[in-house]
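Numbering (the numbering used here), first residue to last: 17 to 436. Where is the CB? At the ideal position from N, CA and C, for every residue including glycine.
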Ligand code: NIG
Ligand code: FE
């Protein structure tokens with residue numbers, strides 16, 4: 017986690033703003049002419065400008081900004097990325113355009129395995145620099161919290177290297193002030209050296225977790241449960257290893273086929289199940305019962321030209337919280353725009369703009385097990401974005417357009433991020 021030091025007494029007052037607070041269980045939490053006061057790295061007061069208590073109004077040591085009607089939202093949270101990797105898969109994209117499928121490329125040794133080779137060959141500095149550039153691009157659109165998975169190393173050393181790069185990205189303080197949550201995804205693909213020995217690979221991957229945890233490198237554990245990934249039984253062994261260490265789990269579930277992964281993950285109290293195009297009614301019910309968040313990934317759906325939609329109506333009817341993420345990765349979603357995902361969640365998955373926004377704020381925080389952010393409420397972390405817009409629905413409507421003007425992270429404005 018990023019803990020760049022903000023003096024506990026530093027107070028800032030943002031006035032004359034439109035606010036979408038997401039403070040309640042539904043609605044925008046709209047305040048037409050609002051004010052927001054931060055103290056140190058926390059939000060101290062939010063409400064209508066006219067109700068600002070005299071004690072919360074500016075004093076000699078409070079910086080005050082008149083936003084002249086600009087919009088403030090919570091900082092965006094990208095709850096599913098694979099940001100640390102070497103190389104790219106542009107050639108594979110050309111093969112797919114000539115008719116090869118994502119699964120065919122994976123089965124012939126391309127796909128995730130080609131990124132594994134490029135990642136193993138990359139130096140720590142190369143992995144770090146490329147991931148930092150990607151993180152800055154996301155942050156320029158208002159992202160203040162980011163999940164990063166391993167999964168392209170697939171050896172004890174290379175998985176730890178990728179997690180360490182991710183962890184370091186979250187510890188740069190003023191240079192890159194966002195919060196990073198790390199997820200261990202050793203069960204992403206079977207590395208070539210374990211061909212025919214998937215159970216042996218899972219045995220090994222289970223033993224890496226304790227060392228990753230002891231080194232402070234891992235906040236959660238994930239797996240890819242699918243025909244080109246791992247079986248439910250292998251996935252369950254990863255979950256058992258995580259559970260024994262007290263680490264929360266999440267799952268790439270029901271992306272290309274229905275393996276019953278969501279039900280399995282729910283039995284382990286998963287924070288989230290992600291993708292979910294092939295999720296069954298039983299999977300929806302299990303996620304609801306476990307309080308598991310559905311993380312929908314419209315970038316991968318679009319880029320792989322999937323035709324089967326995730327069961328949004330069933331998720332909505334069951335009251336399963338829905339999050340939206342970029343799934344940034346070189347193979348199925350080489351996308352660095354969470355704002356574009358807002359638009360795609362609406363156009364492709366038929367979410368309302370409010371649902372899409374909840375998906376990158378409150379529900380994304382929940383998918384990461386974070387309770388201190390995602391809404392503009394007193395006591396929460398002072399992570400927010402300031403937009404050249406009148407209402408957040410505009411960002412779900414436009415695409416290829418970035419109206420983010422200022423990013424405040426932990427109470428401090430990070431003006432230069434992404435514009436350097
Ligand atoms: O989330 N589904 C598995 N993992 C990634 C894709 C990884 C890749 O193709 O490199 C995903 O879509
Ligand atoms: Fe993914």
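When distances are taken from the beta-carbon of residue 407 to the heavy atoms of the ligand FE, even the shortest one reaches 8 Å or more. Fully contained in the stretch 62 to 150 are the following alpha helix (DSSP H) runs of length 4 or more, in chain order: 106 to 113, 118 to 123, 128 to 137.
By the neighbour-count definition (other C-beta atoms within 10 Å, threshold 16), residue 34 is a buried residue. Annotation: the continuous alpha helix (DSSP H) that includes residue 373 extends over 369 to 375. According to the DSSP assignment, residue 241 belongs to the beta strand (DSSP E) that extends over 236 to 241. Annotation note: the stretch 233 to 286 contains the following uninterrupted beta strand (DSSP E) runs of length 3 or greater, listed N- to C-terminal: 236 to 241, 266 to 269. Beta-bridge pairing by DSSP links residue 40 to no other residue.
Under the 10 Å beta carbon count, residue 209 is surrounded by fewer than 16 other beta carbons and is classified as exposed. The alpha helix (DSSP H) runs lying completely inside the stretch 172 to 244 and spanning 4 residues or more are 172 to 185, 214 to 230, given in chain order.
Linking residue 351 to residue 342 through their CA atoms gives a straight-line distance of about 7 Å. Taken through DSSP and simplified to helix, strand or coil, residue 417 comes out as coil. In the structure shown, residue 356 falls within a helical segment according to DSSP collapsed to helix, strand and coil. Listed in chain order, the non-local C-beta contacts of residue 179 below 7 Å within the same chain comprise 166, 198, 200, 228, 233, 234, local neighbours out to five positions each way being set aside. Look at residue 427 here: in three-state DSSP terms it is coil, with no helix or strand label.
It is roughly 8 Å from the alpha-carbon of residue 366 to the alpha-carbon of residue 328. Set against 8 Å, the gap from the CB of residue 349 to the closest heavy atom of the ligand NIG is smaller. For a cut-off of 8 Å, the C-beta gap from residue 423 to residue 158 is around 6 Å, short enough to register as a contact. Straight across, the Cα-Cα distance linking residue 320 with residue 48 is about 41 Å. Secondary-structure assignment with DSSP links residue 163 through a beta bridge to 197. The straight-line gap separating the alpha-carbon atoms of residue 380 and residue 371 is approximately 11 Å. With the rule of 3 Cβ pairs closer than 8 Å, the stretch 77 to 85 does not count as touching the stretch 123 to 139.
Residue 334: member of the alpha helix (DSSP H) spanning 328 to 334, first to last residue.
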